[in-house]
Each structure stands twice: as C-alpha cells, then as structure tokens.
Amino acid sequence: MESVTVVLEKSKRSINIECPTTISSEHSLSQIQQFPPLRTWLQSLDQQSSIGVSKLCIQSVDAFKSGNIGFIKFITDAHIGGKNIPGIVFLRGGSIAVLLILRTQVKPRVASHLDSDYCVMVEQPRVAVPDFALQELPAGMLDNGVGVTTAVREILEETGIRIEAGDLVDLGAAYPSPGACDESVGLYACEKQVTGEELGRVKDRLGGLSDELITVRLVRVCDLWRQTSDMKALAALYLWDRQMG
1 MESVTVVLEK SKRSINIECP TTISSEHSLS QIQQFPPLRT WLQSLDQQSS IGVSKLCIQS
61 VDAFKSGNIG FIKFITDAHI GGKNIPGIVF LRGGSIAVLL ILRTQVKPRV ASHLDSDYCV
121 MVEQPRVAVP DFALQELPAG MLDNGVGVTT AVREILEETG IRIEAGDLVD LGAAYPSPGA
181 CDESVGLYAC EKQVTGEELG RVKDRLGGLS DELITVRLVR VCDLWRQTSD MKALAALYLW
241 DRQMG
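All letters in the sequence shown, in the order written, are residues 1 to 245 by the UniProt record's numbering.
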C-alpha cells in the first residue's frame, strides 16, 4: 500500500490518499492526484465544512486506450457530526448532452407535446443497463470543462450534423446519480433548419467512432417522452418546455 497526504487549500484539512501497489504499479499516485475529476472533487469537498473526510482509499483505476485515466473508484471514511455516511465514490467527471431539434419549416415554437418536428437520438449498446439498443441524446465527456466545445464536437462525431456554439441554448445541469457518482450533465438544446433531403440523410446513419456502434435515430419531439428512458433526454425536454415560460 502506498499513500500520500494532501492538504485542502481553504480549510487546511489533511486527507490521506491510500492506493494498493497493484494499482499504483500501473497508475502512479502522482498521476491519480492529477486526474481532473479528483482535483475537482477535492476542491468541492474543501467548500463543505460539514462533511469530514480524513482518508480516501483507491479501489480501482480504469484508463482509456490513450493511457489517460478515465474512471476512479474509491471509498472514504466520510462522516457528519461524528456519524458515518456512505462514502463510496465513482469519479468520471462532467459530461454534456444535446437536445437537437431538426426543423424543415420556420414556424412558431410550441410546447413539446405539440411539436411534430424531429429530435436526433443515438442508439447504442449500453452494457451497464444492459440495453443493446438504448436511444439517448447525443452526449460526451467534457473537454477541460468546456461544455459548448464538447457539444459541437459530439454532435458532429455522432450524427454528422454541424452546429455552431452560438446555436446552443444552455438548459442547466443535473446530477443523474449523486448517491455514488460525481458526474454532472450539462444539458443543451439546439434548433437547426434542414431540408427534407438533409433530414433523410440523417435517419439511420451510422455515427460515432469506429468502436462505438452508434446508429442515428429520428424521434418526433412529441413522442420523445414515451420513446426513451434516457434521463438526459427527459430532463432536457422538461427544461426546454420550461424555457417557454
């Protein structure tokens, strides 16, 4: 077991980070400490005076093909007022998702349950659920915390559609699973005018990177709430409606 002590900048509290040598032999403690989601988590903890944590034990580290760390799971001795609280954490960092609506005509905006235009969904296998044809909003992990840049890139990669950062409407963010995961999903909406021919080219298009197995699907906005169980889509649709006032 290897360990290192970090001191939180604001509160000056000390936290001992422990890591089994079976993990640190592949991913050094220094590399683990530099993982952006861990740094963000420690900074957020520093702002929480009521939650006490003195020890953090790394349980697993998963890396991408690039060698960069993608996910870390650890357990803490978290407590509030002397009482222990659940301290298992799965770190993966923030992400974004885009409600992309394609319109073939310029017309006044209506509530989603009356909107017959199409939104773009991506169908892909999700082993964790497991569902091998789950329809979701186009989404991706954050690039250095810049949501709009990630949104523009993911839409192009997964659907082949080009959008501009200025076209995105910020709907806010949500925590899908705060009981164990740090992920915050930034939700955006975008309306794009297309021709009928362009709409046809998007439907059933194969998208994403070579190993992602993504198929693009078009779903009428008014049918979206019953067509998918994707939390991102349902939350974005609700927030999109709320923006109408």
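Ideal Cβ placement from N, Cα and C applies to all residues, glycine included.
Here the C-alpha atom of histidine 113 lies approximately 24 angstroms from the C-alpha atom of threonine 159. When rounded, the separation of the alpha-carbon atoms in serine 177 and glutamate 183 is 7 angstroms.
Each residue's CA atom was taken as its position, placing alanine 173 and glutamine 243 some 14 angstroms apart. Restricting attention to Leu99, Leu91, Asn68, Pro108, the CA atom closest to the CA of glutamate 26 is found in Asn68. Residue environment analysis places alanine 128 among the exposed positions, since fewer than 16 neighbouring C-beta atoms fall within 10 angstroms of its C-beta. Nearest neighbour of valine 169 by Cα position, chosen from Ile96, Gly179, Leu199, turns out to be Ile96. The stretch 51–66 makes contact with the stretch 76–94: 3 or more CB pairs, one atom from each, lie closer than 8 angstroms. In this structure, valine 6 sits near isoleucine 17, with a CB-CB distance shorter than 9 angstroms. Leucine 142 and serine 116 have their C-alpha atoms some 31 angstroms from each other. Beta-carbon to beta-carbon, isoleucine 72 and isoleucine 32 are separated by about 7 angstroms, close enough to satisfy the 8 angstroms threshold.
DSSP places alanine 133 in the uninterrupted beta strand (DSSP E) bounded by 131–136. About 40 angstroms separates the Cβ atoms of cysteine 119 and isoleucine 58, ruling out a contact at the 8 angstroms cut-off. Taking C-alpha positions only, alanine 165 is separated from leucine 218 by approximately 22 angstroms. Residue burial annotation: valine 122 is buried, with at least 16 other C-beta atoms found within 10 angstroms of its C-beta.
Around the C-beta of glutamate 9, fewer than 16 other C-beta atoms lie within 10 Å, and the residue is accordingly described as exposed. One alpha carbon belongs to serine 3, the other to valine 221, and they sit about 52 angstroms apart. For proline 20, there is no enclosing alpha helix (DSSP H), as DSSP gives it neither H nor E.
By the Cβ neighbour-count rule, tyrosine 188 is buried, with 16 or more other Cβ atoms within 10 Å of its own. Residue range 185–193 is occupied by the beta strand (DSSP E) that includes glycine 186.
Restricted to the stretch 87–167, the alpha helix (DSSP H) segments that are unbroken, complete and at least 4 residues in length are 147–159, listed in chain order.
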